[in-house]
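Undergrad: Residue numbers (UniProt numbering): 1 to 190.
Glycine is no exception: its CB is placed at the ideal position from the N, C-alpha and C atoms.
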Amino acid sequence: MSWRFIDTHCHFDFPPFTGDERASIQRACEAGVEKIIVPATEAAHFPRVLALAARFPSLYAALGLHPIVIERHADDDPDKLQQALAQQQNVVAVGEIGLDLYRDDPQFARQERFLDAQLQLAKRYDLPVILHSRRTHDKLAMHLKRQDLPRTGVVHGFAGSLQQAERFVRLGYKIGVGGTITYPRASKNP
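1) Quick one, are the C-beta atoms of G64 and P39 less than 8 Å apart?
2) Write down every uninterrupted run of the beta strand (DSSP E) in the region 42-109 whose length is 3 residues or greater and which is fully enclosed by it, in chain order.
3) With respect to the alpha helix (DSSP H) encompassing V169, which residues constitute its N-terminal and C-terminal limits?
4) Going by beta carbon distance, what residues of the same chain come within less than 6 Å of K123, once the five residues before and after it are set aside?
5) Between which residues of its own chain and R170 is the CB-CB distance below 7 Å, once the five residues before and five after are set aside?
6) Name the two residues that bound the continuous beta strand (DSSP E) containing I37.
7) Are the region 174-187 and the region 142-157 touching by the rule of at least three beta carbon pairs closer than 8 Å?
8) Is the beta carbon of S58 less than 8 Å from the beta carbon of I36?
9) Can the beta-carbon of S133 be found less than 8 Å from the beta-carbon of L162?
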């Protein structure tokens, strides 16, 4: 029996894949990846993500406004997200959304407004969420608890403590791990 996987987070709309989509999908399939969820990061990417999902049966669209590029989002981008969700039946999640304190000027209050607006849209359209959190796990958990989504989702690329992971799990969320768990400092958490 061979394992079959779903890649829950691949920015297939980014330049490394452009022009190589069919071959990239074939390589993924040969490696056991049957389906790929492609999360958009900004409104300008919605059309490309939707077109990829329409063109390739193994790709699935997620639409969201990523916090790391908060300065590129227009104030009406949550409205654009709502319009896109209302018109699309083939969107499988709202994402990639969340909170991020990595940058010097993170515009954190604006990030929180955008996050809450997107969580409300996920609830309205009964979709799970794909969450980004960097240096914000406790704040993100507060927002998720307050919104109380029926479909929850995944905290992608989790790099917090065991206690923070347990809190997300108690709220009904899955924990996605990536390469950060292989870093030497990852052992700091019990």
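TA: So, to answer that:
1) If you number the sequence shown from 1, residue 64 lands on position 64. If you number the sequence shown from 1, residue 39 lands on position 39. Yes, the pair counts as a contact, with Cβ atoms nearer than the cut-off.
2) 59-63 and 91-100
3) Position 169 of the sequence shown, counted from the first residue, corresponds to residue 169. L162 to R170 is the span of the alpha helix (DSSP H), which, as asked, contains V169.
4) In the sequence shown, the residue the question calls residue 123 occupies position 123. Once the five neighbours on either side are set aside, the close Cβ partners of K123 are L149.
5) On the sequence shown, position 170 is the one that residue 170 refers to. Correct list: empty, nothing qualifies.
6) Within the sequence shown, the letter at position 37 stands for residue 37. Start and end: V33 to P39.
7) yes
8) Here residue 58 corresponds to residue number 58 of the sequence shown, with the count starting at 1. Here residue 36 corresponds to residue number 36 of the sequence shown, with the count starting at 1. It is a contact, given that the beta carbons lie within the stated cut-off.
9) Counting from one through the sequence shown, the residue named residue 133 turns up at place 133. Counting from one through the sequence shown, the residue named residue 162 turns up at place 162. No, they are not a contact pair.
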